[in-house]
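Colleague: Okay, here's the structure, questions in a sec.
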Amino acid sequence: MIGDPTRADVILDRLVHNAYRLELDGNSMRRPNNRLGRSLPDLVTLLGELQASGVDLFLHQQALDTSTPSGRMLFQMLAVFSEFERSMTVARARVGLQRTTKRLGRPPMPVEKTQAVRYLLAQGIGIRETARETGAGTATVQRIKRSMMEANAIAA
2 MIGDPTRADV
12 ILDRLVHNAY
22 RLELDGNSMR
32 RPNNRLGRSL
42 PDLVTLLGEL
52 QASGVDLFLH
62 QQALDTSTPS
72 GRMLFQMLAV
82 FSEFERSMTV
92 ARARVGLQRT
102 TKRLGRPPMP
112 VEKTQAVRYL
122 LAQGIGIRET
132 ARETGAGTAT
142 VQRIKRSMME
152 ANAIAA
C-alpha cells in the first residue's frame, strides 16, 4: 500500500489477504466502491488478485457482478471513466492554479522573527524556549535549526 493508509484501505488489504488464504466462505463486506482503488492500475490489480484467488466482486448498488464477462467489462469501463474523470479534475485544478495571481498558502514568517530565531538558536537556547520567546511554532524553529545545521555542514 502506497501513501497514507485509510481505514478503508486497511480493510481492503485484509479482504484481499483473506481471499488469498481462501477464508471468505461466502462472507460479504459493505463498503463504498469509490474507495475500491486509488487509480486504474489499482482497480485492475485488485480485480486480478481477487479472481486469481477464486473470488468475484459484486457491487449491489451498481448491479455489477465480476463473475460474468459483461460484469468484468463494465467494471473495467467504470475504472477507465473514473481514471479519466480524476485526470480531468487534476488538469483543471492545475490550469486554475496557473491562472491565479494570488500567492497561495500561509504567508512567510517576517524576516525579523526569523533572525531572532536564528540568533537564539546560535546562542544555544533550546527549541522550545526559542519558540516560546519568539512566538514561532516548534516545528518552524526545528526547520530553521535544520537549515542552519545544513548551511554549517556545507560551509565546513
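For what it's worth, our numbering labels the leading residue of the sequence shown as 2, then goes sequentially. Where is the CB? At the ideal position from N, CA and C, for every residue including glycine. These figures come from a predicted structure and were not determined experimentally.
(1) Buried or exposed: which applies to A92, given that a residue is buried once 16 or more other Cβ atoms fall within 10 Å of its Cβ?
(2) Is the separation between the beta-carbon of D57 and that of T67 shorter than 7 Å?
(3) Buried or exposed, going by whether 16 or more other CB atoms sit within 10 Å of the CB of F76?
(4) Would you list the one or two residues that DSSP bridges to D66?
(5) I need the straight-line Cα distance from A140 to R95, nearest angstrom please.
(6) Starting from L105, trace the alpha helix (DSSP H) in both directions and tell me its first and last residue.
(7) Helix, strand or coil: how does DSSP classify G136 here?
(8) Can you look up Q124 in the DSSP assignment and give me helix, strand or coil?
(9) Would V142 and V118 qualify as a contact pair, given that the criterion is a beta-carbon distance under 7 Å?
(10) Whole angstroms are fine: how far does the CA of G136 sit from the CA of E86?
(11) Alpha carbon to alpha carbon, what distance is there between M150 and Q107?
Modeller: If we stick to the structure as given:
(1) On the sequence shown, residue 92 is found 91 positions in, with the first residue counted as 1. Its Cβ having fewer than 16 others within 10 Å, A92 is exposed.
(2) Position 56 of the sequence shown, counting from 1, holds the residue named residue 57. Position 66 of the sequence shown, counting from 1, holds the residue named residue 67. In this structure, T67 lies closer than 7 Å to D57 by Cβ.
(3) Within the sequence shown, the letter at position 75 stands for residue 76. Looking at its Cβ environment, which holds 16 or more other Cβ atoms inside 10 Å, F76 is buried.
(4) Position 65 of the sequence shown holds residue 66. Answer by DSSP bridge pairing, in chain order: F59.
(5) If you number the sequence shown from 1, residue 140 lands on position 139. If you number the sequence shown from 1, residue 95 lands on position 94. Looking at the two C-alpha atoms, the distance is approximately 29 Å.
(6) As a first step, residue 105 must be located in the sequence shown, where it is residue number 104. Element bounds for L105: n/a, residue is neither H nor E.
(7) Looking up residue 136 in the sequence shown gives position 135. In the three-state reduction of the DSSP assignment, G136 falls in the coil class.
(8) Within the sequence shown, residue 124 is the residue found at index 123, counting from 1. In the structure shown, Q124 sits in coil (DSSP, three-state: anything other than H, G, I, E or B).
(9) In the sequence shown, counting from the first residue as 1, residue 142 sits at position 141. In the sequence shown, counting from the first residue as 1, residue 118 sits at position 117. Yes, Cβ-Cβ distance for V142 and V118 is below 7 Å.
(10) For the purposes of this step, residue 86 is identified with residue 85 of the sequence shown, where counting begins at 1. For the purposes of this step, residue 136 is identified with residue 135 of the sequence shown, where counting begins at 1. Distance between the alpha carbons of E86 and G136 is about 44 Å.
(11) The count along the sequence shown starts at 1 and reaches residue 107 at position 106. The count along the sequence shown starts at 1 and reaches residue 150 at position 149. One point to set straight first is that residue 107 is Arg, not Gln, in the sequence displayed. Between R107 and M150, the C-alpha separation is close to 25 Å.
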